[in-house]
Each structure stands twice: as structure tokens, then as C-alpha cells.
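Following the UniProt record's numbering, the numbering of the sequence shown begins with 1 at its first residue and continues without gaps.
Backbone N, C-alpha and C define an ideal beta-carbon position, used for all residues, glycine too.
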Amino acid sequence: MQALAHAYGATVVKGPEPVHGRISNVRHTGHQLFAGIPSGDRYPVVRYHSLVVDEASLPSALVAIAWTTGPTRAVRPAKACTSLSSTGGQQHHADILMGLAHRELPLYGVQFHPESIATSFGATLLSNFRDMTAAHHSLSLPRPVATCDSNGHSCSSSEGSTAAGTTLAVRWHRMQGMLKRAGDGERIFQALYGQSREEYTFWLDSSATDRGRFSFMGGREGPLWRHITYKAPTGTPSAANTGTAHVQDASGCTRQVSTLWWPFLEELLGSHSYQADEQAGRELPFDFWGGLVGYLGYELKAESGGSAAHTSALPDAAFFLADRLIALDHREEDIFLLTLDDISDAGGIPRSAEWRQRRAQEIEQLLSSPLQANGGEGFSSAADSNGSHSKPVPSVSQASSSHSAQCNGHHLPDTVEEESLKERRASHSNAQALSELANGCQDSKPRAFMLHRSRDRYVRDVQSCKDALYEGDSYELCLTTAISRAGPVPDALHLYCTLRQHSPAPYAAFLSFGKAGPQICCSSPERFLRASRDGVLEAKPIKGTARRHADADADILAAAALAASEKDQAENLMIVDLLRNDLGRICEVGSVHVPALMEVESYAVHSLVSTVRGQRRPQVTTPECLRATFPGGSMTGAPKLRSMHILDGLEGEARGIYSGSLGFISFNGAFDLNIVIRTAILGKDTIRIGAGGAIVVQSDPCDEYDEMRLKAKALLSAIGKAEGYSVPPCVDESAADAQ
């Protein structure tokens, strides 16, 4: 509307206040653009703007057809309760121009957003505009496009399969009810991968099992295993300015490829396809049938429409190709041992069968561990991938005394958890104590972390964000910073196990990329994007955070106050609308919907969470899905590209893995990736934590600094505990600013 007004000589000025992600009622003249739409209190719309058209400056060619009426308000206003008053309050600026029409030409404009999830009659308004356009040009109307739901078409079982490449067979062994008997995921991972004998390991851990059903773990085990890293080019990516991928195979050989990330991923996924297997689709309750596990760093935004403003010291993407994995079904208490085989490899089938048998024996051996009370009886109801019941795997007590189970060439000790979590903690605490004595440490406090930008600088940056919002350059800016510490780092797996106990989350993960690192300890509560095998895409953005309280009544009030907060609702709504737009680029027309809007979920902090879903178009590949949506809008702000540009200038350094995404990409078209938040990144001699928050016009700079610190609190507490202290490390707020 502002462009239409400006083109005909009207004046665009700053409004009485910026209105971003808030509701106003609109009254209109009954113009045909608003046919079938009520006027006034029954017509709420969402507004995103700082500037307005000065109605007094309208030329004779333009006529006003709509205005605001009544106060602006939150999407869900607070109930009449003083303890739950909405942030910012209601502002009453009536009669702000909301609609224009040319007196003679078919030119129309509105100041609000009819496409927003919280605008009423949006589809009616757009249908009116379509009808008016067709009538003006004397065109026949197109037939309506049928919408889709989650029960629509199914995607191909192969991701971009090609005539050439590797055809894979998926085989599995199901250990019914074994998870509860063998212990939780932590105990199994410690036993199988936590003995310091596995240099490359992953654990996609639904540690909040009430909201995450499956966990996946594995290491460097099968012949198809790969370790893939990618560094983006310096400067603008192009065909003439490519990055570099390194691919290490199971034998340790490495090849280097000059490429860009998304074409590389397209080729990698396209060169692997599954052998048709209806049984797997029926009997495997999860979508990850082996494939890629790893992360996408935030700086890959340069290959997704953003700019190459900063260079990360770490790879911009790193993945394992996992052809051996263990899946845990937390609901049914089942364990699945899954393998991928190249069907052209005659020796692959017996090798993978031997791996499944060996891993089953190792899990059975946990039953005789002193930590497990219910004995070591073997399982007899495990179904194998041939659709029949397998022969019982002998328990430890039944196994031949001359037989020593082997795991990647290492002897399996009588007690699998030879280096138990308790021993790892004791070992680290002793090392810490010796270090303190050597350094003359008297106060027995953990070493402090340093802010990358001082408190004063961060507060000024928040104000700079607000200035940009008032100027109309953005609606919302997700400002971040980092805290870090140089020197000895805690044992990464011990830290992760401490973190998952202290702060369980449904999209948590532990990734170890070898001795050189990085090692990632992630307790993310946020899903970036998931694709099911039948093509349903789902994002679950988090925007809005509140502190937890030890007192139950105070905690309930804090959650209710968050749900009623106008500021937090505005933050969340803007990202929901952004993600609906992102998914709309890759989904069937009419299929994008919001089944859950602004629901409170409680982990280490209370969070305001929404769910956005859509039906993926069948011709859209996984790399195309990710490129269209990455990085997650909850870590950028809206509009995405302009917001990233502003943030690049303020933050002054690469975010690295933080703000990116982590999870799995299967060769069957499914993937599930989180948003990398609440995460510690460990190098050989550094540990780094990213934190931040969404800045909107209602933000208070000092409060935003406190929220940033709150989001790092659980990680700092876990680090302190992992290092044997009763208090978390402090943070030096006057640290030198990173430039």
C-alpha cells in the first residue's frame, strides 16, 4: 500500500508506534475488495509495519477504503487478571489508514497482512482480489486447487534415486521390551560407545521421552560409513567460487571435492537408494533407516540466500554416513539393531548379520550388570527382517565361556560398563583436583567464561535492533552472542550425560567428530524441520521464554504469564508466519496449516511453541527443502534475509554450529533436524556456548541481556557439575568485545 501511495505522490511517515505481530480491528467502506467481510470489531487483522501513509497527503486519484478502529492488542489478550497483564499494554491509535484504491485503475493496497495465520477473512479478501482481476480482464476463473492434508500422496521411498549409484538393503533385528530391562539410553550408549574406543560417535537422544519417542546411536562400524566435512568458500558462493568437501571412508582414505554444499548433498542422496521393501515400511515404526547424521552450521546461510559475512573456524557442515545404528523406542521399550548393505556386496549380508548378533549379545550382557536387578535372561521374541522370529540370542550366562564378544576388534569385558559414568565422573574430578593443587587454587571454583561482547555492548546492540525496527528495516531480530573459555575442557560424554540429566530435551544430541573435534553436547527443545516418509513437513518454532521456579505455584503462574505476554506472542506469531511462507515454497498449495499455535512447553525454561505443517510437493528433494528454509527463522527474525544482514553487522563474528541445525537425513526421503540451541561446542582446548533472544519493539535492552544469560544457565550449571563443582562457572561481563 505504501508503494502505491508513494507512486501517486502521497507521503509515507513514521506511525504513532511500530506494530509488529499485533492485532487491530479494521473498519471499511464496503468496497468490493472487502465483499463478504464484516467491518469493525468482527474484522481483526495482523499488522507488521512501522511506517504509515499520511491520509491528509492522498492525491485525488487515490481513495481511502479502510482504517483501524480500537486499540492494538495481542493475538491472545490476557484475561482480566493483574498478575497476568500482557507486556506493553494496549495502544489506541484509531483511524490509521489500512486500505487504498485507485479511483479509475484496478490498483488496490492494504497495510495489514491478509496471509497471517491470525488475520480473519484473509482467504476471502484474496479471493475478492482474484475475482476483481479476472473481471477487469474479462477472464474465466480458474478451477479451485484442491488442498491436501497429511494423508495425501506418498513420496518415493528413494531420495532422488538415479540409475547409477548404490542400492541399499535395510535389515534389522528387534529386541522386544529390552530397553526397560537393559537400562535407559545413557547406559546403553556408555556400554557400547562410551569406552573411549569409538572416535566417531553419535547419539540423537530424545532425553525428554514424553515428547520424543525415538533415539538413535551409532559409531564408525560398517563398510559404507563415511565422515563428511564441508567448508564454504570465502566470499559469495558461485560456480566459480566453490567450497571444499572432504570425504573419509571406512578404511581411512580421504578424497577432496570442490563443490557447493547443496549440489553436493543432492548428488550424495541421489546416488543412494533403497531396495523396494514394503516390510520395512510396515514394521519399522521410525523413519530413519540409516543415512546421514550431523549438523549444518549457521554460515551455510550464504548458500541459502544470505551473505557470506563471517567465516567459522569449524566446518560449515559435518556428517557421518551411518550404515549401522541402534534405535530405541521409548514408548514400546523396544531396541532395533539396523544395518544398511550394498546389495552388490556379496559379503555384506553375513557381515551385517554378525554385527546385529554381536550388538544383541552386548545389550543382553547389560542384564547381568550389577546396575540391573532383573537378571540376564535371553530374549526369545525378537523378530528379524525376514518377517519371522529369530533364534534366541543367548544371554551372557548361556554363552560359551570360551567366547569373547568382539566390538570393532576390542575385547568386550565381563562387565560391559568397564568405564561407567560414575568412574568417568570420579576420574575427571580427580584430574580437576590435581589441576587445582598444581595451580595453587584455593577457592575451588570453576574457571570463568568470557562474554564475546560485553554486557554494555550487548545492551547497545539490543537498542540498535530496536532502532532498526522503528525505522521499518525489520519486524523482529534474533540477536545472539557467545560465551567461551580456553584451556582444559571436561570429558565431552560425561558433560553431555550431566546435561541430559539436568536439562532433558526432545531434540537433544551428542556428536563426537574425533579427537580434533568438535564434540557437541546439545539439549535443544526445538525442532527445525521434519519430513516423514509420506511427505509431511513439520516445523516447531520456539519464541518466548520464561524462567522456571522451584515453587510449583510460582512456576504455574510464570507459564501462564508467558502464554499471555503480548511481547512473546508477537515474537512467536512473526516466526510462525515466516515459516508458513518458507513451507509454502515447497509444499502443495493449500496444505500449510498451524495445528498448534503458541502452546507452553516446559523444559529447563518455559517456552512458547507453535507447530507448522504442510504436504511436501513430490518433486521437491530434501536439499531443496532445506535450502528453502535454512537457517531456521526462529534464529534470524523476520523478514529473514534483511534481518540476517542487520545481525551480521551487529554480531561481528560467525555463529558456527550454534543457530544451525542437527539431526538425521535418511535415504528414504525422511529427515528430522533440530535448531542448535542450548548447546556446548567442545574443541581440543575450548568450550563455547551461544545464546541470544528475539528483539521486538517491546523489548527492554537490560531484560534481553538477562534472557540471554538465562538461556545459558543450564549449560553452565552442567559444566560446573561435570567438573565436580557445586556451583556453575561465572561469566565475566566486562570481557573484551569480539570484532
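- Spanning the alpha carbons of Cys522 and Ile689 requires a straight line of approximately 10 Å.
- With a threshold of 16 other beta carbon atoms within 10 Å, Gln361 meets it and is buried.
- As the crow flies, the alpha-carbon of Asp555 is around 16 Å from that of Glu599.
- Here DSSP, grouped into helix, strand and coil, assigns Thr72 to strand.
- Look at Met635 here: in three-state DSSP terms it is helix.
- Remark: C-beta atoms of Ala505 and Tyr603 approach each other more closely than 8 Å.
- In terms of CA proximity to Leu265, Phe320 leads the group Asn25, Ala276, Glu283, Phe320.
- Per the DSSP secondary-structure output, Cys587 pairs in a beta bridge with Arg616.
- In the structure shown, Phe189 falls within a helical segment according to DSSP collapsed to helix, strand and coil.
- Taking C-beta atoms under 8 Å as the contact rule, Ala64 and Leu100 qualify, at a distance of about 6 Å.
- Of the other Cβ atoms in all chains shown, 16 or more fall within 10 Å of the Cβ of Gln519; this residue is therefore buried.
- Taken through DSSP and simplified to helix, strand or coil, Val459 comes out as helix.
- Shortest Cα-Cα distance from Val731 to any of Leu451, Thr229, Ser251, Ile646 involves Leu451.
- Gly218 places its beta carbon less than 8 Å from that of Arg324.
- In this model, Phe664 and Arg103 are separated by some 56 Å (Cα to Cα).
- Counting along the chain, Trp355 sits inside the alpha helix (DSSP H) bounded by residues 348-365.
- With a threshold of 16 other beta carbon atoms within 10 Å, Cys253 falls short and is exposed.
- In this structure, DSSP gives Cys521 an extended state, which the three-state scheme calls strand.
- Looking at Pro233, Gly109, Ser258, Tyr200, the one whose alpha-carbon comes closest to that of Ala250 is Tyr200.
- Around the beta carbon of Pro525, 16 or more other beta carbons lie within 10 angstroms, which makes this residue buried.
- Secondary structure of Leu557 (DSSP, three-state): helix.
- Selection Val110, Gln2, Asp205, Asp703 evaluated against Arg460 yields Asp703 as nearest (Cα-Cα).
- Under the three-state reduction of DSSP output, Arg130 falls in the helix class.
- Annotation for Lys231: the continuous beta strand (DSSP E) segment containing it runs 226-231.
- For Trp203, the closest of Leu33, Asp341, Val293, Ala558 by C-alpha to C-alpha distance is Val293.
- The alpha-carbon of Leu537 is positioned some 26 Å away from that of Ser127.
- According to the DSSP assignment, Phe264 belongs to the alpha helix (DSSP H) that extends over 261-270.
- Looking at Arg500, Gln111, Thr242, Tyr43, the one whose alpha-carbon comes closest to that of Gly15 is Gln111.
- A direct Cα-to-Cα measurement between Arg226 and Arg356 gives close to 20 Å.
- In the structure shown, Pro16 adopts extended strand secondary structure according to DSSP, grouped into three states.
- Secondary structure note for Ser643: its alpha helix (DSSP H) is the uninterrupted segment 640-651.
- Per DSSP, the beta-bridge partners of Tyr274 are Leu168.
- Ala563 and Val609 have their C-alpha atoms roughly 10 Å apart.
- Ranked by Cα distance from Ser454, the first of Thr481, Leu366, Gln2, Leu578 is Thr481.
- Nearest C-alpha to His310 among Ala317, Tyr108, Leu300, Ser369: Leu300.
- When Cβ pairs closer than 8 Å are counted between the two stretches, the stretch 325-342 is seen to touch the stretch 276-287, the count reaching three or more.
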